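Student: Line by line, the protein sequences give chains A and B.
Counting with this note's numbering, you get residues 1 to 328 for the letters of the first sequence.
Counting with this note's numbering, you get residues 329 to 870 for the letters of the second sequence.
The beta-carbon is built from N, C-alpha and C at its ideal position, and this holds for glycine as well.
These numbers were taken from a predicted model, which means no experiment stands behind them.
A single structure is presented below for examination.
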Amino acid sequence: MPYLLRKFLFLLLTLWAAVTLNFVLPRLVPGDPIGAMLAKYQGKLDPSAVDALTVAYGLNDQGNLLTQYVTYLGHMLRGDFGRSIGQFPTPVVDIVAQAAPWTIGLVGVCTVLAFLLGSALGLYSAWRRGGRVADALPPIALFLNSMPYFWFALLLLYLLAFRTGTFPLSGSLDPFLTQFSADWWKSLLRHAALPALTIVVTAAGGWLITMRNNVMGVMGEDYVAFARAKGLSEGRLLNRYVLRNALLPSFTAFGMALGFVVGGSILTETVFSYPGLGLQLYNAVTTLDYPLMQAIFLFIALAVLIANFIVDALYAVLDPRVRDGKAG
Amino acid sequence: MKKRLTLTAVLAAALTVSVHAQQPKNVFTVVRPTQWGAQNFNPFAPGDQHLLPTNSAIYESLFYVNTLNGKVTPVLGTKYTWSADNKTLTVSTRPGVKWHDGSAFSARDAAFTFNYLKQYPALDTSAIWKNGLASAKATNDTTLILTFSKANTTIFPYIAGQMIVPEAIWSKISSPLTETNAKPVGTGPFTFDAYSQQALRVLKNPNYWMKGQPYIDAVVWVSTNSNDAALLKLLKGEADYGYVGQADPVNGYQKKGPNNQFWWPVTGDNYLYFNTTKAPFNDPAFRRAISQAVNTANVAEKAYAGAAKAAHSSGIIPGQQAQWLPAGTPSLKYDMAAADAALTKAGYKKNAQGVRLGKDGKPLPTFKILVGAGWTDFITMAQVIGGDLKKIGLNTQIDQQAWSSYAGGLQTGTFDMGISWGWGGGPTPYYLFNQSFGPEYSAPVGKTAPSNLSRYTNPAVTAALTQFQSTSDAATQKKAMATIVKAVMTDMPWLPLTDRSEFSNYSTVRFTGFPTAQNPYNAGTADDTAGARLLYLNVKPK
């Protein structure tokens, strides 16, 4: 299928560009990791350590830029992202593997929840336009959606964790629980509650507005008027004529949103000290931990590109014009 | 790669928390204002890249040298002697000590550890071999002999502080640099028990060589990601100890509970560094004059609300002054008029508008004061300094830089003036002066200088440093120190601004036996150091 092949080649090209940018950018940033580390310990690390650290981090003999680039590409192909500088000598892959489930579990589930909840409410709001609840929803959604994310998180933290103590202040689990026991699951859910609420509440508003606009657009189409004139039942009209057509544009955006899940939510994770990729990325940036930064950026790029590719492929299935190569 | 990241494997790896049947009784809880990394107990890993219990609870060194007063406490070593030419150090090691796995510790393990550093230079983060160690041998089970290529008595704290590892285990490890040592075997008072991103736990070592100690059954470290969050845990009684910086420990912690206490001994200073490679900062007369124009008492008051005092202009911390500051050395006195006159006399006249001119008769440019972005204490200091310098006709501007540019700027010499802490330090002022003004810690502008930020060297200082280093005679060392202090206070390559302290905060609700000003058995340092080991050994349940 030339269309899909073209899209796939484009995926590879973008990926190469992302990898190359990843290589170039850290080298343009001022400061070096050893200096940053000496400074971080504020005089508590002996300055004589510089030589030893340079050897330890493999920064002593790197060859010229071209050699470095070729070595770097070779390592990437083998899935070797090197060792973290901030958490030396742990391999970057291990850190990512440890943080990823927390992020995917929290942000992934919340993205799906926000999409379902927002879209359902958007559909309701459009379909029952004129009703009191239906008309109150869009302004609330707009308000929640435009609210600064971390401000809402801090508000929740203050009211529900600090003042009432209903939820924990930070972290993802209570320490020293037996894994997968009832207490363990309870602790897991209690810790996830506030960050999840933050993500769902602020994201659902956007989906609501999008869905509402889509449904209204479709409802204005001639074929809907025609179907209604034929006397079709409300349920049939909603399912067969409105929902399917209204969902398509939302679905594209949803695919993109899923792609961004891997990057995690830096704000949510740092506010709640939730040990996911967002928090790791934040820490990596503050400690000039290039290998870790590079790996996380690459995973984000990869996830977005793959999500894009899947959306493209789905379009080919759904839209015959695209499949035949006449459009897109 | 693909195999490694399959979701189930990833889930299993991430959610693993060891299972525990028994819960320890007297648990001492330490709260951390930062997160920690992966499960790594490699005592050779630099800085705090190993987990917190590694150097404080699991591994032990030969001696503990208190940086406040230089006092030496025996640990695995019982006594040490320098030979007459100061080139041989003989250390007696403690008999009857067992590793956590039950095997016996001996001087051979200590010799192995030092030779291991030679074999893998990347592990030698205090540069012991680079600074003259020539051989390390155990002559019997309790005697370690270290010989040096040159007399170097100031290396002792580094030798004393090196964590000792068992030969039987580490001789089999071929890549010690990347070893994470997940099941550490040390001689320390506690053994590793549980790790997760939220909490760490060590349990009392029942076979520890100190009879009756430790008094507690376990130490638990809890992570948070800010000073505020950590302080909250202390205030709520969820932690017994926390190394947490605060603007005002008296009102912020002490007054909020009858059992809340803090001990913040001074272990360093903050300095205004002058870039001595740049005119007019390359002129000692200019540096001395503008140093005199800065009211450091006011700087300390504005920046720390009384929690820190103005520094002595020698740069020597209070705990070491009685012993090392030449008798009767006054601190540089704040005197605006004298500073103004001194500048004019040195060739920096004022024009009709009151603007200070350079030696070439052109107005001096606006000088930048480099500080870290958002560091309120340093920004306040820069504001006060700028206000004082304005009065003698000098214009300044605060240059806030993000972490990497701040550190990079100081180290590569691209700044005019910069505020930072002492880059180096130890149990005597020698370490600070050596690392701050030693030629080997400097570098040409544009290259990274490890710690000589002012890029100031002086043959008289360098010679005195060498003299101090090569003798174990206190009187000779004192004479050398006097030379250094005199030169530095004349040339003023930096202006010592305010004291810096450690941030030990603790609650006496459940435990007693914390270090205090009356009983400073450790230096109040952070919870992952050899000093913290003494804390965990001495706290007692009430």
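Can you tell me where the beta strand (DSSP E) holding B:Trp822 begins and where it ends?
Tutor: 822 to 829 is the extent of the beta strand (DSSP E) around B:Trp822.
Student: Name the residues in the segment 188 to 204 of chain A whose C-beta lies less than 8 angstroms from a C-beta of chain B; which are they?
Tutor: Listed by position, the residues of the segment 188 to 204 of chain A near chain B (Cβ gap below 8 angstroms) amount to none.
Student: Got a sec: which bits of the segment 87 to 116 of chain A sit with their beta carbon under 7 angstroms from any beta carbon on chain B, in order along the chain?
Tutor: Answer set for the segment 87 to 116 of chain A: Gln87, Phe88, Pro89, Thr90, Val93, Asp94, Ile95, Ala97, Gln98, Ala100, Pro101, Trp102.
Student: If you draw a straight line from the C-alpha of B:Pro485 to the C-alpha of B:Pro755, how long is it?
Tutor: Approximately 8 angstroms between the Cα atoms of the pair.
Student: Excluding the five sequence neighbours on either side, which residues of its own chain have a C-beta within less than 7 angstroms of the C-beta of B:Phe839, listed in chain order?
Tutor: Answer for B:Phe839: Phe356, Asp568, Val867, Lys868, Pro869, Lys870, listed in chain order.
Student: Using alpha carbons as the reference points, say which of A:Gly205, A:Val242, A:Phe297 lies closest to A:Asp222.
Tutor: The candidate whose alpha carbon is nearest that of A:Asp222 is A:Val242.
Student: When you compare the CB positions of B:Pro542 and B:Tyr864, do they come within less than 8 angstroms of one another, or not?
Tutor: Against a cut-off of 8 angstroms, the Cβ pair of B:Tyr864 and B:Pro542 comes out as a contact.
Student: Any beta carbon of chain B sitting closer than 8 angstroms to that of A:Asp183?
Tutor: No, because no Cβ of chain B sits closer than 8 angstroms to the Cβ of A:Asp183.
Student: Measuring only from the beta carbon, is B:Gly682 closer than 7 angstroms to any heavy atom that is part of the ligand FMN?
Tutor: Only the bare structure without any ligand can be found here, which leaves the ligand FMN out of the picture.
Student: Taking the continuous alpha helix (DSSP H) assigned at B:Trp751, which residues delimit it?
Tutor: Note, B:Trp751: premise wrong, no alpha helix (DSSP H); not H, not E.
Student: With 8 angstroms set as the bound, which would you pick, yes or no: does the beta-carbon of A:Thr164 sit closer than that to a beta-carbon of chain B?
Tutor: It does not; no Cβ of chain B falls within 8 angstroms.
Student: May I have the straight-line CA-CA distance separating A:Ala192 from A:Val285, to the nearest angstrom?
Tutor: If I take the Cα positions, the gap works out to 25 angstroms.
Student: Following the continuous alpha helix (DSSP H) through B:Thr804, name the residue where it begins and the one where it ends.
Tutor: Counting along the chain, the alpha helix (DSSP H) containing B:Thr804 begins and ends at 802 to 819.
Student: Can you tell me whether A:Val107 is buried or exposed, with buried defined as 16 or more other CB within 10 angstroms of its CB?
Tutor: With 16 or more Cβ atoms within 10 Å of its Cβ, A:Val107 is classed as buried.
Student: Taking B:Phe518 as the reference, which of B:Asn509, B:Gln525, B:Lys532 has the closest Cα?
Tutor: It is B:Lys532.
Student: Three-state secondary structure (DSSP) at B:Lys465?
Tutor: Three-state DSSP puts B:Lys465 in a strand.
Student: Would DSSP call B:Leu653 helix, strand or coil?
Tutor: Here B:Leu653 sits in coil by DSSP.
Student: Check each residue of the segment 517 to 540 of chain B: if its Cβ is closer than 7 angstroms to any Cβ of chain A, include it; give the result in chain order.
Tutor: So the close ones are Ala522, Ser524, Gln525, Gln526, Ala527, Arg529.
Student: Taking the beta carbon of A:Met256 as the centre, do at least 16 other beta carbons fall within 10 Å, making it buried, or is it exposed?
Tutor: Answer is exposed; the Cβ neighbour count stays below 16.
Student: Output, in chain order, the set of chain A residues within a Cβ distance shorter than 8 angstroms of B:Asp452.
Tutor: Those within 8 angstroms of B:Asp452 in chain A are Ala52.
Student: Reducing DSSP to helix, strand and coil, say where A:Leu4 ends up.
Tutor: DSSP places A:Leu4 in helix when its eight states are reduced to three.
Student: Using a cut-off of 8 angstroms between C-beta atoms, extract the partners of A:Ser170 located in chain B.
Tutor: Residues of chain B passing the Cβ test: Thr552, Asn553, Ala557.
Student: Which residue wins for smallest C-alpha separation from B:Lys673, given the options B:Tyr769, B:Pro646, B:Asp611?
Tutor: Here the closest residue by C-alpha is B:Asp611.
Student: Given a cut-off of 8 angstroms on the beta-carbon distance, is the pair A:Phe176 and A:Leu169 in contact?
Tutor: No, Cβ-Cβ distance for A:Phe176 and A:Leu169 is not below 8 angstroms.
Student: Quick one: which residues of the segment 302 to 318 of chain A get their C-beta closer than 7 angstroms to a C-beta of chain B? List them in chain order.
Tutor: So the list is empty, because no residue satisfies the distance condition.
Student: Using a C-beta cutoff of 8 angstroms, does A:Val19 count as contacting chain B?
Tutor: No - not a single Cβ of chain B is within 8 angstroms of the one on A:Val19.
Student: When DSSP labels each residue in this structure, what does A:Glu221 get in the three-state scheme?
Tutor: Here A:Glu221 sits in coil by DSSP.
Student: Taking 8 angstroms as the cut-off, does the segment 136 to 146 of chain A touch the segment 218 to 238 of chain A (at least 3 CB pairs, one atom from each stretch)?
Tutor: Short answer: they don't touch.
Student: Report yes if the CB atom of B:Pro577 is closer than 8 angstroms to the CB atom of B:Leu396, and no otherwise.
Tutor: No, these two residues do not count as a Cβ contact at 8 angstroms.
Student: Count the C-beta pairs between the segment 392 to 408 of chain B and the segment 502 to 512 of chain B that are closer than 8 angstroms, then say yes if the count reaches three, no if not.
Tutor: These segments do not touch.
Student: Taking its Cβ as the centre, do 16 or more other Cβ atoms sit within 10 Å of B:Ala669, making it buried, or is it exposed?
Tutor: B:Ala669 should be labelled exposed.
Student: Using a Cβ cut-off of 8 angstroms, which residues of the segment 436 to 468 of chain B contact any Cβ in chain A, in chain order?
Tutor: Hits within the stretch, in order: Pro449, Ala450, Leu451, Asp452, Thr453, Ser454, Ala455, Lys458, Asn459.
Student: Consider the Cβ of A:Pro175: report whether some Cβ of chain B lies at a distance smaller than 8 angstroms.
Tutor: Closer than 8 angstroms to some Cβ of chain B, the Cβ of A:Pro175 qualifies, so yes.
Student: Run through the DSSP bridge pairs and tell me what B:Thr471 is partnered with.
Tutor: Beta-bridge pairing links B:Thr471 to B:Ser420, B:Asn468.
Student: Hey, is B:Thr344's beta-carbon within less than 8 angstroms of any beta-carbon in chain A?
Tutor: Only weak support is given to the placement of B:Thr344: the predicted model assigns it a pLDDT of 42, under 50, and the value that follows is read from those uncertain coordinates. With 8 angstroms as the cut-off, B:Thr344 counts as an interface residue toward chain A.
Student: Report yes if the CB atom of A:Pro26 is closer than 8 angstroms to the CB atom of A:Tyr57, and no otherwise.
Tutor: Result no, Cβ atoms of A:Pro26 and A:Tyr57 do not sit closer than 8 angstroms.
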